[in-house]
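K.L.:
For the sequence shown, full-length UniProt numbering gives the first residue as 1, with consecutive numbering after it.
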Amino acid sequence: MAVSIKKGGDKIGGGPVLPPLSGVAVRGKSSSAASAVTAATEKTSAKVLTMPFRGNVTEVIHQLRNGVSAELVPVIARQFGMTQDGLFEQLRLPKSTMKSRISKNGLLSSAEQDRMYRADKVWKRALSVLEDESAARQWIRGVNRALGGETPLSLLDTEAGYELVLDTLGRIEYGVVS
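1) Rank D157, V57, A126 and E133 by C-alpha distance to the C-alpha of T168 and give the top, closest one.
2) Whole alpha helix (DSSP H) runs in the region 148-178 with 4 or more residues, listed along the chain?
3) Give me the residue from R115, Q79, V143 and P74 with the minimum Cα distance to L64.
4) State the DSSP-derived secondary structure class of N66, mapped to helix, strand or coil.
5) Using 10 angstroms around the beta-carbon of V177, count the other beta-carbons present and answer buried if the total reaches 16, otherwise exposed.
6) Please classify A160 as buried or exposed, where buried requires at least 16 other C-beta atoms within 10 Å of its C-beta.
7) Report yes if the CB atom of Q90 is closer than 7 Å to the CB atom of L153, and no otherwise.
8) Please state the DSSP three-state secondary structure of L127.
Pasting the structure below:
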């Protein structure tokens, strides 16, 4: 499979340029992406994020401070084309706790929502650099020598790992082999 990679602004290889997911679904608010929000979400006026993080940095900070619904987890798992259990394992999140939060439509803890934010941010960056959903999924879930034989997704449980993954995507974007 050929992977499209940007090098110094020039596109190398084929593949469509895919836009990121659009819209923010916030409890009590509607948007173009609100179809993924359940009726239970719409019953409350609390501003709790239930879709992948959108907006500028200050808006995302506000979303994180208001709380992130566990309903976001299946959305993130689908982005990566993996099961929720697979996502929990890769991000080192306790399966039973996460499943309980999801079934009860609970809020993610600060650490859990931070990992979901990192995963979503890396997804968007990988799509931007690789310009193909399949290539982005393969890269994010695949073992990478530049990352010490780890998968990019498995490094998102720490800030240092997250920074390493973003740095590696930057190297790919500018033609440095990673």
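Don't be surprised by glycine CBs; every beta carbon is placed ideally from N, CA and C.
P.N.:
To lay it out plainly:
1) Position 168 of the sequence shown, counted from the first residue, corresponds to residue 168. Comparing Cα-Cα distances from T168 to each of D157, V57, A126 and E133, the minimum goes to A126.
2) 159-173
3) As a first step, residue 64 must be located in the sequence shown, where it is residue number 64. When only C-alpha atoms are compared, the closest one is R115.
4) Position 66 of the sequence shown, counted from the first residue, corresponds to residue 66. Of the three classes helix, strand and coil, the one that applies to N66 here is helix, per DSSP.
5) The residue labelled residue 177 in the question sits at position 177 within the sequence shown. It counts as exposed.
6) As a working mapping, residue 160 is identified with position 160 in the sequence shown. Label assigned to A160: exposed.
7) In the sequence shown, residue 90 corresponds to position 90, counting from 1. In the sequence shown, residue 153 corresponds to position 153, counting from 1. Taking 7 Å as the Cβ cut-off, Q90 and L153 qualify as a contacting pair.
8) For the purposes of this step, residue 127 is identified with residue 127 of the sequence shown, where counting begins at 1. The answer is helix: DSSP assigns L127 an H, G or I state.
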